[in-house]
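Chemist: So that we are looking at the same thing, I have put the structure below in structure tokens.
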Amino acid sequence: MINLLNLDREGLITFFEELGEKSFRATQIMKWVYQQNVLEFADMTNLSKDLRSRLQTIACLKLPEIQTMQVSQDGTRKWLVKLDSENSIEMVFIPEEGRNTLCISSQAGCALDCTFCATGKQGFNRNLTTAEIIGQLWLAEQIIIADGCVPENFKHAISNVVIMGMGEPLINFDNVIKAINIMLDDFSYGLSRRRITLSTVGIVPALIKLKEQCPVSLAISLHAPNDELRNQLIPINKKYPLADLMKTCRDYAQGNSHVTFEYIMLKGINDSPSHATELAKLLRGILAKINLIPFNPFPGITYECSTTETIDNFRDILIRAGLVTVTRKIRGDDINAACGQLAGKVQNLRIKAD
Ligand code: SAH
Numbered sequence: 025m026i027n028l029l030n031l032d033r034e035g036l037i038t039f040f041e042e043l044g045e046k047s048f049r050a051t052q053i054m055k056w057v058y059q060q061n062v063l064e065f066a067d068m069t070n071l072s073k074d075l076r077s078r079l080q081t082i083a084c085l086k087l088p089e090i091q092t093m094q095v096s097q098d099g100t101r102k103w104l105v106k107l108d109s110e111n112s113i114e115m116v117f118i119p120e121e122g123r124n125t126l127c128i129s130s131q132a133g134c135a136l137d138c139t140f141c142a143t144g145k146q147g148f149n150r151n152l153t154t155a156e157i158i159g160q161l162w163l164a165e166q167i168i169i170a171d172g173c174v175p176e177n178f179k180h181a182i183s184n185v186v187i188m189g190m191g192e193p194l195i196n197f198d199n200v201i202k203a204i205n206i207m208l209d210d211f212s213y214g215l216s217r218r219r220i221t222l223s224t225v226g227i228v229p230a231l232i233k234l235k236e237q238c239p240v241s242l243a244i245s246l247h248a249p250n251d252e253l254r255n256q257l258i259p260i261n262k263k264y265p266l267a268d269l270m271k272t273c274r275d276y277a278q279g280n281s282h283v284t285f286e287y288i289m290l291k292g293i294n295d296s297p298s299h300a301t302e303l304a305k306l307l308r309g310i311l312a313k314i315n316l317i318p319f320n321p322f323p324g325i326t327y328e329c330s331t332t333e334t335i336d337n338f339r340d341i342l343i344r345a346g347l348v349t350v351t352r353k354i355r356g357d358d359i360n361a362a363c364g365q366l367a368g369k370v371q372n373l374r375i376k377a378d
């Protein structure tokens, strides 16, 4: 049985052509699934009866399942989403004035082992399929619509998607790109590229491909202004050092609006005024926006978050250097839904990066 949620429009066209059907069946199916929220082939009344029963025997539309939901005092929601008997991931809904953001996961666990991240601490199990990635948006749309949390002027319940949950999206490149293609497709959600943000540590070859194939908004998890410190915090930096990453970001920003750089504030580690000055120098000449992320603790971690005063001081140095800098508001930390706190339930965790 082929799960049609794994196919973007191009994949669906090939699928129907191989069945001897016209290619417009692809867009008909997409409209049923993503715009009408219909998952039963039997209900897809503009497909011939013959095709409907044929699809029932060879194809399915199978979503992951919501297991639990937690709601924060600030309205943030976190869902545990079951992929299979061994793996559940987390996704987070963040309502704000004028936008409803969904933070989705791309892998069950993560192999990168960044020292400050709860997901990395649990290791890696597997990549999510395209169906499991786009399925998160499909499920969130249903729930938010049913709960009446959609402002009147919104085209869809979810106005913005950030691929910033569990996992490194650029290590699951093909499935993530297919899911993004579906999000962008006018026969599906029709989101604009600037409303989809992919957050990555910076897998350089994949970033170059992303720019060519699907240049969505980009957020780079930078967290350190030099290789020595970044190697310690983000081990994969040894493979893709800052010089290469910065060159790639410069190229990415060209023709796009800007690149966001995320910088987690770790007390006594990366938060001194000289780190801020070094960071400003590193980002010179790039159309950049900096997001300072207060470190969110989780059990067993020894790092602490920088003080508010230190964060403000760090921000002011960057602003004086001409960089657009904001401190990210912490959302959903009472339900462990904040950045870096997503853990899900992932088993068989044996694989870690070198
Ligand atoms: N692998 C991708 C996406 C997942 S992490 C990436 O690294 O960008 C999403 C963001 O949360 C990243 O910027 C990450 O560095 C940050 N993060 C991880 N652990 C955190 C923590 N404990 N507190 C605050 N932010 C954290």
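Read in order, the letters of the sequence shown are residues 25 to 378 in my numbering.
Backbone N, C-alpha and C define an ideal beta-carbon position, used for all residues, glycine too.
Give me the Cβ distance between Gln91 and Leu107, rounded to the nearest whole Å; I'm assuming they're in contact under 8 Å.
Modeler: Contact between Gln91 and Leu107 does not hold, since the beta-carbon distance rounds to 10 Å and is not under 8 Å.
Chemist: Is Leu316 closer than 8 Å to Arg400 when the C-beta atoms are compared?
Modeler: Residue 400 is absent from the structure shown; the chain starts at 25 and stops at 378.
Chemist: Verify whether the separation of the beta carbon atoms of Ile118 and Ser129 is less than 8 Å.
Modeler: no
Chemist: Evaluate Asp457 with the Cβ neighbour count: other Cβ atoms within 10 Å of its Cβ, from every protein chain shown; 16 or more gives buried, anything less gives exposed.
Modeler: Residue 457 cannot be examined here, being either before or after the span of the chain that is shown, 25 to 378.
Chemist: Could you check the C-alpha separation between Arg78 and Leu242 for me, to the nearest Å?
Modeler: Taking C-alpha positions only, Arg78 is separated from Leu242 by approximately 41 Å.
Chemist: Using a Cβ-Cβ distance under 8 Å, would Ile354 count as near chain B?
Modeler: Looking for chain B here will not work: only one protein chain is present.
Chemist: Mapping the DSSP letters down to three states, classify Pro318 as helix, strand or coil.
Modeler: strand
Chemist: Can you give me the Cβ contacts of Pro297 inside the same chain, cut-off strictly under 8 Å, excluding the 5 residues immediately before and after it?
Modeler: Asn337, Phe338 and Ile341
Chemist: Would a C-beta distance cut-off of 8 Å place Leu29 and Ala155 closer than the cut-off?
Modeler: yes
Chemist: From the DSSP output, in three-state form, read off Tyr287 for me.
Modeler: strand
Chemist: Do you know how far the Cα of Arg218 is from the Cα of Lys235?
Modeler: Lys235 and Arg218: Cα-Cα distance of roughly 13 Å.
Chemist: First and last residue of the beta strand (DSSP E) that includes Thr351?
Modeler: Val348 to Thr351
Chemist: DSSP three-state label for Asn199, please.
Modeler: Residue state, collapsed to three classes: helix.
Chemist: May I ask you to report which of helix, strand or coil DSSP gives Gln91?
Modeler: strand
Chemist: Going straight from the alpha carbon of Pro321 to that of Gly144, what length do you get?
Modeler: 13 Å
Chemist: Going by other Cβ atoms of all chains shown within 10 Å of its Cβ, with 16 needed for buried, is Ala170 buried or exposed?
Modeler: In this structure Ala170 is exposed. Its beta-carbon is surrounded by fewer than 16 other beta-carbon atoms within 10 angstroms.
Chemist: Comparing C-alpha positions only, which one of Phe285, Asn250, Pro323 and Arg254 sits nearest to Cys138?
Modeler: Closest by alpha carbon: Arg254.
Chemist: For ligand 1, is there any heavy atom lying closer than 7 Å to the beta carbon of Ser245?
Modeler: yes
Chemist: Would you tell me roughly how many angstroms separate the C-alpha atoms of Glu41 and Gln52, rounded to the nearest one?
Modeler: 14 Å
Chemist: Are Ile310 and Val283 closer than 8 Å when you measure CB to CB?
Modeler: yes
Chemist: In terms of DSSP beta bridges, what is Lys313 paired with?
Modeler: Thr284 and Val348
Chemist: Going by alpha carbons, who is nearest to Cys329 out of Ala304, Thr38, Gly292 and Glu302?
Modeler: Ranking the options by Cα distance to Cys329, first place goes to Gly292.
Chemist: Taking the alpha-carbon positions, what's the Phe319 to Glu110 distance?
Modeler: 29 Å
Chemist: What would DSSP say about Ile128, mapped onto helix, strand or coil?
Modeler: coil
Chemist: Hey, quick one: how far does the alpha helix (DSSP H) through Phe40 stretch, first residue to last?
Modeler: Arg33 to Glu42
Chemist: Please look up how many angstroms separate the CB atoms of Pro249 and Glu286, rounded, as I've assumed it's under 8 Å.
Modeler: About 13 Å; that fails the 8 Å criterion.
Chemist: Quick one: measure Cβ to Cβ for Asn151 and Asn205, integer angstroms, because I've assumed they're closer than 8 Å.
Modeler: At roughly 17 Å, the Cβ-Cβ gap does not stay under 8 Å, so Asn151 and Asn205 are not in contact.
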